[in-house]
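*Asks:* Structure provided below as structure tokens; questions to follow.
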Amino acid sequence: MGHHDHSKKDTDSVAEHRQKGAQARCLVITVSDSRTPETDRSGDRMSALLEQGGHHTAQRLLIPDEPDQIRQAITKALEDPSIDAVLTNGGTGIAPRDLTTDVVASLLDQPLDGFGELFRSLSFAEIGSAAMLSRAVGGIAGKTMIFSLPGSTKAVELGMTKLVVPELGHLLGLLRS
0 MGHHDHSKKD TDSVAEHRQK GAQARCLVIT VSDSRTPETD RSGDRMSALL EQGGHHTAQR
60 LLIPDEPDQI RQAITKALED PSIDAVLTNG GTGIAPRDLT TDVVASLLDQ PLDGFGELFR
120 SLSFAEIGSA AMLSRAVGGI AGKTMIFSLP GSTKAVELGM TKLVVPELGH LLGLLRS
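Note that numbering that gives the first Met the number 0 numbers the sequence shown so that position 141 is 140, with each residue one more than the last.
Structure (structure tokens):
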């Protein structure tokens, strides 16, 4: 495949890339000590937005705020060639048990710093300075994308509609080329 110049400010090219983007098969993980499958509104919303965006939720997990369980679930997905992206919600704040960010960051080969920066910027526009408490993180591990968002349904809605869903197919296409 040919080389892409991503420094161009050609919005037509970006739109073209998005249209040609592939369908991603995703693992959705909710990290929570308190949610149940019946009360996991953020996981439900994350999956629904993926499907609406033309992607597929291949599997959903609900795991406690335990670093070993988070790492095990993500590592298993990284070893599964049928999973293109891992999306987590929960565990990205500053409470002692908010450890998702630390686990995800340790697994990334290529952090996408812009993901967390843009998420916090978008959050700031909605909730003000409390946005700085979010440790949303994203990046690439091998050929798999990982995006971790806060556990609130509003945060999931924001991150998915403004960042993840619009770029997921494009990123997948780049990783496969």
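Backbone N, C-alpha and C define an ideal beta-carbon position, used for all residues, glycine too.
Since H55 is in the beta strand (DSSP E), which residue starts that stretch and which ends it?
*Replies:* H55 to I62
*Asks:* For a test of the three-state rule: what should DSSP assign to V163, helix, strand or coil?
*Replies:* helix
*Asks:* Beta-carbon separation of S147 and T91 under 8 Å?
*Replies:* yes
*Asks:* What would DSSP say about A124, mapped onto helix, strand or coil?
*Replies:* helix
*Asks:* Report the residue from S33, D83, A47 and E37 whose alpha carbon sits nearest the alpha carbon of G138.
*Replies:* D83
*Asks:* By DSSP, does G138 sit in helix, in strand, or in coil?
*Replies:* strand
*Asks:* Could you compute how far the alpha carbon of R17 sits from the alpha carbon of E166?
*Replies:* Low confidence applies to R17: its pLDDT is 46, below 50, so where it sits in the model is not reliable, and the reading given next is rough at best. Roughly 7 Å between the two C-alpha positions.
*Asks:* Helix, strand or coil for S81 per DSSP?
*Replies:* coil
*Asks:* Quick one: measure Cβ to Cβ for N88 and G42, integer angstroms, because I've assumed they're closer than 8 Å.
*Replies:* 6 Å
*Asks:* Who are L148's beta bridge partners in DSSP?
*Replies:* N88
*Asks:* Rank L86, P110, A23 and F118 by C-alpha distance to the C-alpha of V30 and give the top, closest one.
*Replies:* L86
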